[in-house]
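The numbering used here puts the first residue of the sequence shown at 23, with every later residue one more than the last. We put the beta carbon where it would ideally sit given N, CA and C, even for glycine.
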Amino acid sequence: MKRDTIAAIATAMSNSGIGIIRVSGEDSIDIVDCIYRDRNNHRVLKEYKKNTIHYGFIYDGEELTDEVMVSVMKKPHSFTAEDTVEINCHGGVLVMKRILELVIKNGARLAEPGEFTKRAFLNGRIDLSEAEAVMDVISSKNDMALKNSVRQLKGSVHKKIVEYRKMILHEIAFIESALDDPEHISLDNYPKDLSLKIDFLIKDIEKLLRLSENGKIIKEGIKTVIVGKPNAGKSSLLNILAGEDRAIVTDIAGTTRDIIEEDILIDNIHLHMVDTAGIRFTEDVIEKIGVDKAKKYLKEADLIVYVVDSSVPLDESDFEIIDMIQERKCIVLFNKSDLNSEISLEDFKIQLKDIQGDAVIIRTSTRENTGIDDFEDAVKKLFFTGSISSDNEIMITSLRHKEALEESLESLTHVKSSLEDNMPEDFYSIDLMDAYASLGKITGEEVGEDLINEIFSKFCMGK
């Protein structure tokens with residue numbers, strides 16, 4: 023099917039050393055040839071070999087617009103698998119816009135967000151999981167997220183899903199053939215053989231789903247909220263972890279009245295950390311708004327860091343916080359250990375255990391910077407059982423992929439139940455087809471146009 027030619031600025035819209043205007047489609051070379059001339063003032067872009075880059079100039083009629091390098095990539099050897107031209111110009115916003123306007127004036131149209139990657143998918147160059155990895159690479163927040171996204175871009179998820187689908191399709195074909203031609207294809211002892219293969223698939227998919235929680239954290243980070251009474255040391259903790267004074271620290275209770283957010287890396291684990299207003303009863307209208315915000319953020323947190331001021335007795339505010347954190351992933355910092363303690367650590371552990379269970383409690387002093395290493399180790403143990411998965415492990419980071427795997431697992435479990443109940447073979451085939459289709463959602467072979475459009479609409483312009 024013939025598609026029109028699209029164009030967009032592929033680099034950031036800010037002044038920089040280089041800017042790139044990407045043009046893709048059947049007429050891309052002809053369109054750019056209308057505005058490009060080589061050093062001898064010739065329009066020869068169509069004569070250039072594929073995958074080459076050339077020095078020249080962009081003209082608006084007879085007026086010189088910019089000095090450029092032009093890359094020519096001919097189908098199918100390009101990102102979109104279409105004829106593609108990339109104009110590398112000077113990175114000024116004005117000059118990039120002007121060249122893009124010239125390209126559009128000569129027959130291209132402005133690309134929609136993600137349309138280049140969408141064409142790569144529709145043209146069969148990449149599958150949907152690899153297309154989604156493109157944006158994951160761009161938005162990676164730490165080295166682990168980047169490595170995982172690059173592995174997915176290279177086809178790690180694609181290969182695994184294709185392997186599963188190939189196994190399932192083979193069994194479906196065998197069952198259907200046997201049912202159609204029972205005289206030549208026997209199903210004797212087949213349930214036993216199928217059961218072993220289903221066990222393998224179930225075990226492997228369950229492993230991917232278990233690791234998906236790690237994948238989500240690696241990709242999105244851990245939403246971490248610091249709570250405690252005023253002047254407990256919450257802001258001091260944020261400043262230590264951030265390595266700079268992000269929050270104002272004073273001896274005056276209630277200094278922090280609004281939410282302060284900071285992205286922090288702990289051993290390559292991304293924490294989106296929120297310092298909240300101290301939780302206490304107050305008549306101050308502004309401080310009360312901050313306290314209400316703190317309670318709201320606490321409900322949405324993946325991890326709660328409860329900072330206890332051990333230099334003063336527990337009061338109603340502490341008991342309110344303890345009540346709010348029950349059944350949540352929580353690390354309690356028994357802070358100000360450099361001062362005389364008014365709270366017995368052992369008594370506090372017993373009291374907290376009655377509500378929170380096996381809470382992680384660490385003695386710290388933000389003033390003397392002690393206990394921070396123990397806090398970082400506790401984070402790793404809570405979310406990664408103390409270690410991060412190896413570089414070679416497939417990590418599911420997409421909620422869409424996770425849901426598709428869960429659907430396929432449910433269908434395979436039904437096959438297992440049918441085998442155990444000695445149901446007719448056509449029952450196996452129905453559930454195997456469902457599992458096959460669910461896995462196809464990950465690679466894009468079993469998704470509708472609306473979902474495809476929704477996925478690519480979240481991409482950035484020019485990609």
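Residue span of the beta strand (DSSP E) that contains R385, given as start and end:
Counting along the chain, the beta strand (DSSP E) containing R385 begins and ends at V382 to R385.
Between the segment 361-368 and the segment 283-300, do three or more beta carbon pairs fall short of 8 Å?
Touching, no.
Is it right to say T74 is buried, meaning 16 or more other beta carbons lie within 10 angstroms of its own, or is it exposed?
It counts as exposed.
Residue from L434, K463 and S440 whose Cα sits closest to the Cα of I499
The question about residue 499 has no answer here: the residues shown for the chain are numbered 23 through 485.
Quick check: V45 and I53, are their CB atoms within less than 8 Å of each other?
Closer than 8 Å, so yes.
Would DSSP call H142 helix, strand or coil?
For the record, residue 142 in the displayed sequence is Ala; it is not His. In the structure shown, A142 sits in a helix (DSSP, three-state: H, G or I).
Any chance the segment 140-153 sits against the segment 220-234, with 3 or more Cβ pairs inside 8 Å?
The segment 140-153 vs the segment 220-234: no contact.
For F481, which three-state DSSP category applies?
F481: coil per DSSP, three-state reduction.
Specify the secondary structure class of S359 as computed by DSSP and reduced to three states.
Of the three classes helix, strand and coil, the one that applies to S359 here is coil, per DSSP.
Measure the CB-CB distance between L320 and V382 and report whether it falls below 8 Å.
The Cβ atoms of L320 and V382 lie no closer than 8 Å to each other.
How is the beta strand (DSSP E) around N170 delimited, first residue to last?
For N170, there is no enclosing beta strand (DSSP E); the residue is found in the alpha helix (DSSP H) stretching over D165 to L175.
Per DSSP, what are the beta-bridge partners of A30 in this structure?
Paired residue(s): R44.
Hey, out of S100, L374 and V329, whose CA is closest to S387's CA?
Checked all of S100, L374 and V329; the closest Cα to S387 is V329.
Checking 8 Å against the spacing of the C-beta atoms, do D26 and R141 come in under that value?
Not a contact, by the Cβ cut-off of 8 Å.
Cutoff 6 Å; reference I274; Cβ partners in own chain excluding five residues on either side:
Confidence is the limiting factor: at I274 the pLDDT is only 39, short of 50, which leaves the residue's position unreliable and the question unanswerable from this model.
E432 versus S234: straight-line alpha-carbon distance, rounded
C-alpha separation (whole angstroms): 17 Å.
Going straight from the alpha carbon of G129 to that of D49, what length do you get?
Counting only the Cα atoms, D49 lies some 8 Å from G129.
Simplified DSSP assignment, three categories, for Y77:
Of the three classes helix, strand and coil, the one that applies to Y77 here is strand, per DSSP.
How about S36 and V115: do their beta carbons lie closer than 8 Å?
Contact flag set, yes.
CA-to-CA distance, L86 to H292, given in whole angstroms
One C-alpha to the other measures close to 48 Å.
Per-residue burial, R232 [other beta carbons within 10 Å of its own, 16 or more giving buried]
By the C-beta density criterion, R232 is exposed, having fewer than 16 other C-beta atoms within 10 angstroms.
May I ask you to report which of helix, strand or coil DSSP gives L233?
Residue state for L233 is assigned as helix, using DSSP reduced to three classes.
Distance, Cα to Cα, I80 vs C111?
CA-to-CA, the gap between I80 and C111 works out to about 9 Å.
With a cut-off of 8 Å on the beta carbons, I'd call A133 and A29 a contact; round off their distance for me.
Right, their Cβ atoms sit about 6 Å apart.
Ignore the nearest five residues each way along the sequence and tell me which others in A200's own chain have a CB closer than 8 Å to its CB.
Excluding sequence positions up to five before and after A200, its CB lies within less than 8 Å of the CB of I207, S208, L209, Y212 and E447, all in the same chain and listed in chain order.
Nearest-angstrom Cα separation, counted from E89 out to V125
Each residue's alpha carbon lies about 15 Å from the other.
Take S333 and list the residues in its own chain whose beta-carbon comes closer than 8 Å to its own, dropping the five residues that flank it on each side.
Cβ neighbours of S333 beyond the five flanking positions: K358, L361, N362, S363 and E364.
Whole-number beta carbon distance between V92 and G78, since they are thought to touch under 8 Å
Indeed they touch by this definition, with Cβ atoms about 6 Å apart.
With distances taken from CA atoms, which of A323, E415, S460 and L122 is nearest E425?
Here the closest residue by C-alpha is S460.
Can you grab the Cα-Cα spacing for the pair S162 / C56, in whole Å?
The alpha-carbon atoms of S162 and C56 are separated by roughly 38 Å.
8 Å Cβ cutoff met for D340 and G255:
Contact flag unset, no.
State yes or no: is the C-beta of D324 within less than 8 Å of the C-beta of K245?
Result yes, Cβ atoms of D324 and K245 sit closer than 8 Å.
Which residue wins for smallest C-alpha separation from I240, given the options N444, M417 and T139?
Selected option, being the one with the closest Cα: M417.
Would you mind giving the Cβ-Cβ distance between E185 and K219, rounded to the nearest angstrom? I have them listed as a contact below 8 Å.
Between E185 and K219, the beta carbon gap of about 12 Å keeps them out of contact (Cβ cut-off 8 Å).
Assign K96 to one of three DSSP states: helix, strand, or coil.
DSSP places K96 in the coil class of the three-state scheme, outside both helix and strand.
By alpha-carbon positions, which one of E69, H64 and R173 ends up nearest to E84?
For E84, the nearest C-alpha among the options comes from H64.
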